[in-house]
Amino acid sequence: MSSTGVISEVFPKMANVILDEDETRKVLCSYRRGQIVDRDSEWRERSPVAPGDRVTVHLYGSKDGVIEEVAPRRNFISRRAPGREGKIMHTIAANLDFVVITSSLHQPDFSPGLVDRFLIATTASQITPLIVINKMDLASPGEYPWKLYEDLGYRCFPVSSSTGEGLNALKETLRGKTSVFCGHSGVGKTSMLSELFGDSVGKTGAVSGATGKGKHTTTVSKLITAGENTRFIDTPGIKEFGLLHVSPKELIQYFPELYELQLRHEPYEHLPRFESYLRIKAALESEGR
Ligand SMILES: Nc1nc2c(ncn2[C@@H]2O[C@H](COP(=O)(O)OP(=O)(O)OP(=O)(O)O)[C@@H](O)[C@H]2O)c(=O)[nH]1
Ligand SMILES: [Mg+2]
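Start counting the sequence shown at 34; every next residue gets the next number (my numbering).
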């Protein structure tokens, strides 16, 4: 018997699929590499399916099946697969309305470098980014490191999973949409999702007192349905976001405020994101791009 559904979690050679006909039913399905066409001429997929992929499955009994077909993606967000040689890409999630770039104000400190890399990737894949700054309960008066992004027109949500501050506005925005929550380990992605949608999300873990970094508590990305067509994907904290398809020469176009001045032959070195632009450019150059 064939059914349709959405990929929830991906393991080596297997994936959990949530069935359309009954969202409470998860089926563990096998997949084969060969059955999925290459989506990119330059980069090979680390895994043929990603959370959010729409699939047709053949069911064996009530709990097992095999993936027969993967539907073309509306969009997807990918990065260079970490720890792999060659042009291997890791698709974080597919068929998205929002990429929620999740950071914390402290523990760990707000990281504009990672925000900028995600903004480049969401621009390239034409997915709307939302910037969330969690742990606002740790703020000193007047702390406002995300102002720069608000001034550039991005939607920012300062929140606290601990006190609940700001969560209603975020929840309203996510209603009826599919969103992936990405960011460093320990910023509070799983805590926030549990506050927003209930306790079924997963384990949370303390940030190391010694390094101020998270301990990679979430280990596998997971799509969860939260009713009213609301879906979200919790992901493991990432250390780095290696960009695909962006050359050092084109990079400035992803910093529109710098690019605009460059086109007018005006100086732009004084703008806040100039340093970040230079750092990412140097990284791309060192990768030989
Ligand atoms: N002070 C404060 N701590 C928070 C807040 N939200 C989460 N935390 C704490 O931050 C730590 C990390 O939270 P997690 O939800 O596990 O973080 P994560 O982003 O899911 O981490 P990974 O799964 O490793 O990627 C936990 O000890 C939480 O209790 C907050 O709003 N304020
Ligand atoms: Mg987590």
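Cβ atoms here follow ideal geometry from the backbone N, Cα and C, with glycine treated the same way.
These numbers come from a predicted model, not from an experiment.
If you draw a straight line from the C-alpha of K236 to the C-alpha of Y177, how long is it?
Locating residue 236 in the sequence shown gives position 203, counting from the first residue. Locating residue 177 in the sequence shown gives position 144, counting from the first residue. Their Cα atoms are separated by approximately 29 Å.
Straight-line gap, I100 to V43 (C-alpha atoms, nearest Å)
One-based indexing of the sequence shown puts residue 100 at position 67. One-based indexing of the sequence shown puts residue 43 at position 10. Cα to Cα, the separation comes out at about 12 Å.
Are L200 and E228 close, meaning C-beta to C-beta below 8 Å?
Taking the sequence shown and counting its residues from 1, one reaches residue 200 at position 167. Taking the sequence shown and counting its residues from 1, one reaches residue 228 at position 195. Cβ atoms of L200 and E228: closer than 8 Å.
With DSSP as the reference, label K222 as helix, strand or coil.
Translated into the one-based positions of the sequence shown, residue 222 becomes position 189. Three-state result, K222: helix.
Could you tell me the alpha carbon to alpha carbon distance between T37 and G98, rounded to whole angstroms?
Residue 37 sits at position 4 when you count from the first residue of the sequence shown. Residue 98 sits at position 65 when you count from the first residue of the sequence shown. About 11 Å.
Keeping to the same chain, check which residues put their C-beta closer than 6 Å to that of G175; ignore five residues upstream and five downstream.
Against the sequence shown, residue 175 aligns to sequence position 142. Correct list: empty, nothing qualifies.
Note down the Cα distance separating W76 from L277, rounded to an integer number of angstroms.
Here residue 76 is taken as the residue at index 43 of the sequence shown, counted from 1. Here residue 277 is taken as the residue at index 244 of the sequence shown, counted from 1. Answer to the nearest angstrom: the Cα atoms are 8 Å apart.
Where the beta strand (DSSP E) through K59 begins and ends
For this step, residue 59 is matched to residue 26 along the sequence shown. 59-63 is the span of the beta strand (DSSP E), which, as asked, contains K59.
Please list, following the chain, all residues that have a C-beta closer than 7 Å to any non-hydrogen atom of ligand 2.
K222, T223, G235, T237, T250, T251, D267, P269, G270
Beta-carbon contacts of S212 that lie in its chain and below 8 Å, excluding the five residues immediately before and after
Along the sequence shown, read from residue 1 onward, the residue named residue 212 stands at position 179. Cβ within range, chain order: L129, D130, F131, V132, V133, L163, R264, F265, I266.
Counting beta carbon pairs with one atom in the segment 239-255 and one in the segment 133-144, are three or more of them shorter than 8 Å?
yes
Mind checking whether F230 and I257 have CB atoms under 8 Å apart?
As a position in the sequence shown, residue 230 is number 197, starting the count at 1. As a position in the sequence shown, residue 257 is number 224, starting the count at 1. It is a contact, given that the beta carbons lie within the stated cut-off.
Using DSSP bridges, identify the partner residues of V133.
By one-based count along the sequence shown, residue 133 stands at place 100. Note: V133 sits in a beta bridge opposite L163, F214.
Three-state class that DSSP yields for N262 in the structure shown
The residue labelled residue 262 in the question sits at position 229 within the sequence shown. Here N262 sits in coil by DSSP.
Does any heavy atom of ligand 1 sit closer than 7 Å to the C-beta of D53?
For this step, residue 53 is matched to residue 20 along the sequence shown. Not under cutoff, so the answer is no.
Can you give the Cα-Cα distance for S319 and N262, rounded to whole angstroms?
Walking along the sequence shown from the start, residue 319 turns up at place 286. Walking along the sequence shown from the start, residue 262 turns up at place 229. Across the structure, S319 and N262 are spaced so that their CA atoms are roughly 43 Å apart.
Exposed or buried, which one is T196 when buried takes at least 16 other CB atoms within 10 Å?
For the purposes of this step, residue 196 is taken as residue 163 along the sequence shown, with counting starting at 1. T196 comes out exposed.
Between G275, G146, R306, which has its C-alpha nearest K120's C-alpha?
Within the sequence shown, numbered from 1, the residue matching residue 120 stands at position 87. Checking every option, the nearest Cα to that of K120 belongs to G275.
P105 and F309 - do their beta-carbons sit closer together than 8 Å?
Here the question's residue 309 lines up with position 276 in the sequence shown. Here the question's residue 105 lines up with position 72 in the sequence shown. In the sequence on display, residue 309 carries Ser and not Phe. No, the Cβ-Cβ distance between S309 and P105 is not below 8 Å.
First and last residue of the uninterrupted beta strand (DSSP E) at E293
For the purposes of this step, residue 293 is identified with residue 260 of the sequence shown, where counting begins at 1. Per DSSP, E293 belongs to no beta strand (DSSP E); it is in the alpha helix (DSSP H), 289-296.
Please decide whether I164 counts as near chain C, where near means a Cβ-Cβ distance under 8 Å.
Absence of chain C from the displayed structure is noted, only one protein chain being present.
Exposed or buried, M34, counting other C-beta atoms within 10 Å across all chains shown (16 or more means buried)?
Start at 1 with the first residue of the sequence shown, and residue 34 comes out as number 1. The residue in question, M34, is exposed, as its Cβ has fewer than 16 Cβ neighbours within 10 Å.
Three-state secondary structure (DSSP) of L52:
The residue given as residue 52 occupies position 19 in the sequence shown. If DSSP states are grouped into helix, strand and coil, L52 belongs with the strands.
Where E78 falls, given that 16 or more other Cβ within 10 Å makes a residue buried
For this step, residue 78 is matched to residue 45 along the sequence shown. Per the 10 Å Cβ criterion, buried.
Check whether the segment 88-95 touches the segment 216-225, counting contact only when three or more Cβ pairs, one atom from each stretch, lie closer than 8 Å.
Segments in contact, no.
Does DSSP put R312 in a helix, a strand or coil?
Sequence index remark: in the sequence shown, residue 312 carries index 279 (1-based). Looking at R312 - three-state DSSP - the assignment turns out to be helix.
N-terminal and C-terminal residue of the alpha helix (DSSP H) that E205 is part of:
Here residue 205 refers to the residue found at position 172 of the sequence shown. Segment 200-207, the alpha helix (DSSP H) holding E205.
With hydrogens ignored, establish whether the beta-carbon of A83 is closer than 7 Å to any heavy atom of ligand 1.
Here residue 83 corresponds to residue number 50 of the sequence shown, with the count starting at 1. Incorrect: A83 has no Cβ contact closer than 7 Å to ligand 1.
Decide if G321 is buried, meaning its Cβ has at least 16 other Cβ atoms within 10 Å, or exposed.
Here residue 321 is taken as the residue at index 288 of the sequence shown, counted from 1. Flag for G321 reads exposed.
If you compare alpha carbons, which of D73, A83, L304, R72 is closest to P45?
Position 12 of the sequence shown holds residue 45. The shortest Cα separation from P45 among D73, A83, L304, R72 belongs to A83.
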